[in-house]
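Please read the structure below before turning to the comments.
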Amino acid sequence: MISTDLNLRTVIVTRYILPLREGGSLPALAEADDDFKYVLKFRGSGHGTKMLISELIGGELARFLGLKMPELVFANLDENFGRTEADEEIQDLLKGSTGLNLAMHFLSGSINFDPNVMEVDPETASKIVWLDAFLTNIDRTFRNTNMLIWNRELWLIDFGASLYFHHSWDGWEEKAKTPFPLIKDHVLLEKATELKKIDKEFKSKITIEVLTSIVNLIPDEWLQWRDTELSPNEIRKVYIEFLSIRLENSEIFVKAAEDARV
Numbered sequence: 001m002i003s004t005d006l007n008l009r010t011v012i013v014t015r016y017i018l019p020l021r022e023g024g025s026l027p028a029l030a031e032a033d034d035d036f037k038y039v040l041k042f043r044g045s046g047h048g049t050k051m052l053i054s055e056l057i058g059g060e061l062a063r064f065l066g067l068k069m070p071e072l073v074f075a076n077l078d079e080n081f082g083r084t085e086a087d088e089e090i091q092d093l094l095k096g097s098t099g100l101n102l103a104m105h106f107l108s109g110s111i112n113f114d115p116n117v118m119e120v121d122p123e124t125a126s127k128i129v130w131l132d133a134f135l136t137n138i139d140r141t142f143r144n145t146n147m148l149i150w151n152r153e154l155w156l157i158d159f160g161a162s163l164y165f166h167h168s169w170d171g172w173e174e175k176a177k178t179p180f181p182l183i184k185d186h187v188l189l190e191k192a193t194e195l196k197k198i199d200k201e202f203k204s205k206i207t208i209e210v211l212t213s214i215v216n217l218i219p220d221e222w223l224q225w226r227d228t229e230l231s232p233n234e235i236r237k238v239y240i241e242f243l244s245i246r247l248e249n250s251e252i253f254v255k256a257a258e259d260a261r262v
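Have a look at this one:
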């Protein structure tokens with residue numbers, strides 16, 4: 001079982017290397033005070049801290065379930081960082097991202113997963129499809145697989161488009177029970193022939209303690225939202241309850257995935 005005192009390391013960003021102009025969040029390759037390079041996701045991007053929360057919950061849950069996921073760290077950005085940046089768009093992004101951001105260990109030498117030339121076994125495919133259906137991740141498609149091959153192993157990246165219920169709290173209890181029809185576009189769906197087996201396995205592993213441990217990692221400063229009067233602890237409780245309800249009703253999204261695969 002996952003430790004109930006789960007923690008992420010915190011690093012200080014020391015050098016902005018270059019923007020990674022993929023998607024709308026404008027992540028960057030950066031270096032931190034531990035001398036490692038990271039893919040840095042900014043709280044000042046379009047979807048703000050909600051995108052970081054999706055990344056955090058998805059990434060840590062993937063790791064808990066035994067899937068390959070680069071280490072996530074909190075990345076502290078000083079208010080003076082980036083003042084010399086010439087690009088005004090990037091400078092504005094850096095200014096709006098002072099404080100804690102999220103970064104993922106950079107897998108140097110990795111290549112993008114290509115479903116046309118790279119095979120994934122049915123069990124691994126089923127695990128990834130199940131997790132993305134559980135988290136309502138809309139962004140692991142043929143167009144954008146969000147997977148890498150590193151040291152001949154498949155690694156997951158980018159859960160930022162998950163948990164889209166949090167962009168509108170209205171009716172979140174019912175949203176937890178939805179089938180997630182967009183799973184039909186998942187790049188690994190055709191290979192995911194063991195979904196029922198994985199559903200049983202993962203439901204036995206993901207306890208309320210696991211979900212609570214992961215959700216409690218969310219910093220208070222990521223939960224200061226203008227669109228709700230809920231406190232950070234109350235928002236965390238919603239995430240835990242949403243995930244718990246969805247897990248209890250997993251047969252709904254598993255059936256939808258199986259139907260889409262046929």
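Each residue of the sequence shown is one higher than the last, beginning at 1 in the UniProt record's numbering. Quick reminder that beta carbons are idealized off the backbone N, C-alpha and C, glycines included.
Judged by their CB atoms, Leu100 and Phe74 are nearer to each other than the 8 Å cut-off. Put simply, of Val210, Asp259, Glu221, Ile240 the residue whose alpha carbon is nearest the alpha carbon of Leu65 is Val210. Counting the other Cβ atoms within 10 Å of the Cβ of Thr14 gives fewer than 16, which makes it exposed.
The beta carbon of Arg236 sits closer than 8 Å to those of Val215, Asn216, Ile218, Leu223, all from its chain and outside the five residues before and after it, given in chain order. Ile208 is classed as exposed because its beta carbon has fewer than 16 other beta carbons within 10 Å across all chains shown. Looking at the backbone, the Cα of Phe165 and that of Gly48 are separated by about 15 Å. In the structure shown, Thr141 adopts extended strand secondary structure according to DSSP, grouped into three states. In the three-state DSSP reduction, Phe74 falls in the strand class (E or B). A distance of 8 Å or more separates the beta carbons of Ile157 and Ile111. In this structure, the alpha-carbon of Glu241 lies about 29 Å from that of Thr145.
With contacts defined by Cβ atoms closer than 8 Å, Leu77 and Leu8 do not form a contacting pair. Excluding residues up to 5 positions away in sequence, Ile183, Lys184, Leu189 lie with their Cβ nearer than 7 Å to the Cβ of Ala260 in the same chain. Under the three-state reduction of DSSP output, Trp169 falls in the coil class, being neither helix nor strand. For Glu123, the three-state secondary structure derived from DSSP is helix.
Beta bridge pairing from DSSP links Lys41 with Leu102.
Contact between Ala257 and Leu163 is absent: CB atoms are separated by about 17 Å, not below the 8 Å threshold. Here Leu52 is buried. Its C-beta has 16 or more other C-beta atoms within 10 Å. Taking each of Ser231, Asp114, Ala133 in turn and checking the Cα distance to Arg143, the smallest one comes out for Asp114. Contact annotation: Ile138 and Ala161 have beta-carbon atoms nearer than 8 Å. For the options Ala30, Gly46, Lys197, the alpha carbon positioned closest to that of Val11 is the one of Ala30. For Ile218, the three-state secondary structure derived from DSSP is coil.
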